[in-house]
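Reading through the structure tokens given below for one structure.
Numbering (our numbering), first residue to last: 134 to 270.
Given below as structure tokens:
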């Protein structure tokens, strides 16, 4: 059964009522349980935390930079101290020792010649054995 005035919503004829009665399905929709859940979105990382982390990281890197610069300056001072003080002092001590060895008095030269250039007992024994083997002894 077709309602002749289906396209006209103001038509209140009995044919349309019959048409709707035959072609309409009643559906009951209901909740299985009357529980409800509310979902609320919140920021996981707030602006305050963001700026705090930026500040902490910047402070850390600036601190590292300042410490590194101080260590480099300290290294430069230590190298300068070594080159300008320690090395010349060692050189002058070495020259002084060399000059003292060259400027010995006669008794010091004799003592040095006798005791420093004297062959050891082993060298003397080897020389004596060598002479006896050659037949010059």
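For each residue, glycine too, the CB sits at the ideal point set by N, CA and C.
Predicted model only: the values in this text are computed from it and were never measured.
Item                                                                                                              : Value
Simplified DSSP assignment, three categories, for residue 172                                                     : coil
CA-to-CA distance, residue 241 to residue 233, given in whole angstroms                                           : 11 angstroms
Complete alpha helix (DSSP H) runs within the stretch 154-235 (minimum length 4 residues, chain order)            : 180-214 and 220-235
Neighbourhood of residue 258 by C-beta, 7 angstroms cutoff - its chain only, sequence neighbours within 5 removed : none
For residue 192 and residue 173, the rounded distance between their alpha carbons                                 : 35 angstroms
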